[in-house]
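Student: This is the structure I have questions about; it appears just below.
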Amino acid sequence: MEERESSLNPFLQGNFAPWRMEGDAPDLEVVGELPHELCGTYFRSGPNPAFEPIGRYHWFDGDGMVHAIRIAGGRAHYRNRWVASDGLKEEREAGRALYPGLLEFGRMEIPRFKITGNTNNVLHAGKLLALVESSLPTEMDPRTLETKGVYDFGGKLAGPMTAHPKLDPVNGEMPFFGYSPFPPYLQYYVADRSGAIVHAEPIDIPWPTMMHDFAVTERHVVFLVCPIVFDLANVASGGSVFSWQPERGTRIGVMPRRGTSSDVRWFETDPCYVFHPLNAYDDGDAVVVDVHRYQQLLFMSPEAARDPNWRDSQVARLHRFTMNLATGALREGALDDHEGEFPRVDERRVGRKHRFGYFATTGPEGNPTLQPLFTAVAKIDLERGSRVELRPHGAGNGCGEPVFVPRHDAADEDDGWVLYLAYDAARNASELVVAASRDFTGEPVARVLLPHRVPYGFHGNWFANVG
Ligand SMILES: [Fe+2]
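Quick note on numbering: the working numbering labels position 133 of the sequence shown as 142, and the sequence is numbered without any gaps.
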């Protein structure tokens with residue numbers, strides 16, 4: 010008998026395994042005290058396959074699930090729901106998985122995929138959107154988490170939307186993009202504060218690529234074209250949908266926020282991959298982008314992940330690119346040597362010069378697994394010699410993306426709390442840690458104990474006064 014994928018694949022085991030129950034848990038147990046200024050909802054998105062996969066499973070494949078923790082008046086309440094996609098409904102009817110994953114594209118006669126909404130969420134113009142970069146967004150009710158259906162901005166969005174739109178903290182605009190293996194390979198959009206798409210431009214890029222995220226400044230957008238290339242010929246012969254082609258190098262494009270393809274200034278540098286920029290800003294004639302940079306990206310292919318040098322080249326570290334628009338020169342360099350991912354800034358600094366960053370990182374015990382298992386969160390102070398403070402949780406206790414919440418609207422950068430989900434292996438359950446950012450390594454002000462584990466996932470966001 011063929012072994013089940015879930016008994017072979019580490020992304021279906023331990024706290025990567027799906028949690029297959031939807032529920033509501035009012036008045037969670039809180040260790041410590043939730044600050045009364047904290048009033049809003051933390052939404053965390055992640056992959057959570059409802060059925061045993063057909064064929065090989067990639068972490069990016071799972072059905073989306075949103076976990077929401079609503080905090081108000083010192084109390085916390087939990088709710089989780091699947092992103093109820095049409096594909097998932099079809100599978101529920103059948104009682105089994107019907108859609109193969111990313112690693113099986115080559116084996117499908119006609120590739121079909123679910124709109125999983127498994128990667129990130131955004132609340133803009135009153136709409137909560139569950140996002141996955143292959144597809145249109147899915148609208149959910151921010152309070153009940155009921156899935157309302159696929160959302161296309163009133164017919165203005167024809168193709169996929171990145172899972173990483175940016176929210177401009179000053180004018181409320183939401184710049185975003187979508188990428189595709191077919192022309193136009195990149196499409197750029199701006200939604201205004203009311204949620205109307207007011208700018209839509211196809212952007213010429215040198216090759217079709219998996220562009221997971223981008224960056225914005227007050228005046229510019231920054232596109233990172235890395236040498237992970239859509240390879241449809243390879244798919245036709247049963248291979249991977251992406252191929253790593255380092256000889257192409259990396260191109261970084263800088264364009265005015267309301268620009269067009271012909272306005273893009275391109276800068277070339279060494280091959281690398283970036284899932285997530287930390288932030289970007291204008292600095293005179295220059296545009297500065299801080300990112301978590303990988304030397305290469307092989308893990309789309311499980312075979313490559315068996316390379317003994319996998320870990321060294323497959324970890325990301327904070328790195329700064331500075332593109333001078335007057336001289337055409339690109340400068341770059343490492344900011345820090347911790348392995349990390351899921352970098353975030355104070356959302357009020359998006360597109361503006363930031364001093365602090367927060368990210369998930371490997372704890373002092375290292376990471377012996379091939380999974381992106383981060384057991385600590387870090388805070389970096391870029392004005393104090395890139396000083397890094399760590400909150401380690403110990404081996405096996407994975408931590409998710411840290412999100413900064415200011416004490417109040419006018420509080421200084423870093424004056425507030427850092428929120429993240431941590432898995433407690435001893436309790437086999439997760440908790441929301443609320444750490445005072447200015448006492449980063451101290452006891453957290455509160456730990457919200459969830460009634461069960463939340464599988465390791467992707468991105469979380471705090472939206473004030475919601476829920
Ligand atoms: Fe992401």
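Cβ atoms here follow ideal geometry from the backbone N, Cα and C, with glycine treated the same way.
1) If Y198 sits next to I212, beta carbons under 8 Å apart, how far is it from one beta carbon to the other, in whole angstroms?
2) Is it the case that the Cβ atoms of L430 and G451 are separated by a distance below 9 Å?
3) Below 8 Å, how does it come out for the segment 168-182 and the segment 234-250: are there three or more Cβ pairs, yes or no?
4) Figure out for me which residue from Y51, P286 and P151 has the closest Cα to the Cα of V234.
5) Would you give the residue range spanned by the beta strand (DSSP E) that N288 belongs to?
6) Which runs of the beta strand (DSSP E) spanning at least 3 residues fall entirely within the segment 252-283, listed in chain order?
7) What residue range does the alpha helix (DSSP H) around D95 cover?
8) Strictly by DSSP, which residues pair up with K136?
9) Pull up the distance between the alpha-carbon of Y432 and that of P453, whole angstroms please.
10) Using DSSP with H/G/I as helix, E/B as strand and the rest coil, what is N470?
11) Should the segment 85-95 be regarded as contacting the segment 124-131, the criterion being three or more beta carbon pairs within less than 8 Å?
12) Could you please give me the residues that DSSP links to P401 through a beta bridge?
13) Rounded to a whole number of angstroms, what is the C-alpha to C-alpha distance between F351 and I389?
14) Please return the same chain residues whose Cβ sits closer than 7 Å to the Cβ of N437, not counting the five positions on each side in sequence.
15) Can you check whether the CB of V386 is closer than 9 Å to the CB of A473?
16) Between the segment 420-428 and the segment 368-384, can you find at least three pairs of beta-carbon atoms closer than 8 Å?
17) Going along the chain, which residues of its own chain have a beta-carbon closer than 6 Å to the beta-carbon of M149, five neighbours each way excluded?
18) Quick check on this structure: which residue in R29, A26, N129 and G163 has the alpha carbon closest to the alpha carbon of W471?
19) Check whether the Cβ of F20 sits closer than 8 Å to any heavy atom of ligand 1, and report yes or no.
20) Near ligand 1, which residues have their beta-carbon closer than 7 Å to a heavy atom?
21) In the DSSP assignment, what are the bridge partners of Y367?
22) Determine the extent of the beta strand (DSSP E) in which N89 is found, giving its start and end residues.
23) What does a CB cutoff of less than 6 Å around R396 pick up in its chain, not counting 5 residues either side in sequence?
24) By DSSP, does P415 sit in helix, in strand, or in coil?
25) For G49, tell me which candidate among P169, Y87 and D291 has the shortest Cα-Cα distance.
26) Would DSSP call N333 helix, strand or coil?
27) Classify G466: buried if its beta carbon has 16 or more other beta carbons within 10 angstroms, exposed otherwise.
28) Take the Cβ of R13 as the centre, count every other Cβ of all protein chains shown within 10 Å, and call the residue buried at 16 or more, exposed below.
29) Could you tell me the boundaries of the alpha helix (DSSP H) in which V296 lies?
30) K175 to V225, Cα distance in whole Å?
31) With respect to the beta strand (DSSP E) encompassing V457, which residues constitute its N-terminal and C-terminal limits?
Tutor: Taking the geometry as given:
1) Contact flag wrong, Cβ pair sits at about 11 Å.
2) No, they are not a contact pair.
3) A contact between stretches requires three or more CB pairs, one per stretch, nearer than 8 Å, and the segment 168-182 fails this requirement with the segment 234-250.
4) When each option's Cα is compared against that of V234, the closest is P286.
5) Element bounds for N288: Y282 to D292.
6) If we require 3 residues or more, the beta strand (DSSP E) runs fully inside the segment 252-283 come out as 259-265 and 274-278.
7) Where D95 is concerned, the enclosing alpha helix (DSSP H) stretches over D95 to A103.
8) Partner(s): H133.
9) Approximately 15 Å between the Cα atoms of the pair.
10) N470 falls in the strand class under three-state DSSP.
11) With a cut-off of 8 Å, the segment 124-131 and the segment 85-95 count as touching, because enough Cβ pairs lie within range.
12) DSSP lists A385 as partners of P401.
13) When rounded, the distance between both Cα atoms is 13 Å.
14) Excluding residues within five positions, the ones whose Cβ falls inside 7 Å are R462.
15) No. Outside cutoff.
16) Contact between the segment 368-384 and the segment 420-428 is absent, because fewer than three Cβ pairs lie under 8 Å.
17) Only L137, A139 and T156 meet the Cβ criterion.
18) Looking at the Cα atoms, N129 is the closest of the given residues.
19) Relative to ligand 1, F20 has its C-beta separated by 8 Å or more from all heavy atoms.
20) Working through the chain, the matches are T128, N129, A172, H173, H221, D222, F284, H285, F467 and H468.
21) Looking at the DSSP assignment, Y367 forms a beta bridge with R353 and K388.
22) Per DSSP, N89 belongs to the beta strand (DSSP E) from R84 to W91.
23) These residues qualify, in order along the chain: D390.
24) Of the three classes helix, strand and coil, the one that applies to P415 here is strand, per DSSP.
25) Closest by alpha carbon: Y87.
26) Residue state, collapsed to three classes: strand.
27) Looking at its Cβ environment, which holds 16 or more other Cβ atoms inside 10 Å, G466 is buried.
28) Under a 10 Å Cβ-count criterion, R13 is classified as exposed, with fewer than 16 other Cβ atoms of the shown protein chains found around its own Cβ.
29) Taken as a continuous stretch (DSSP letters only), V296 belongs to no alpha helix (DSSP H), being part of the beta strand (DSSP E) at A295 to Y303.
30) V225 has its alpha-carbon roughly 7 Å from the corresponding atom of K175.
31) Its beta strand (DSSP E) spans residues A455 to L458.
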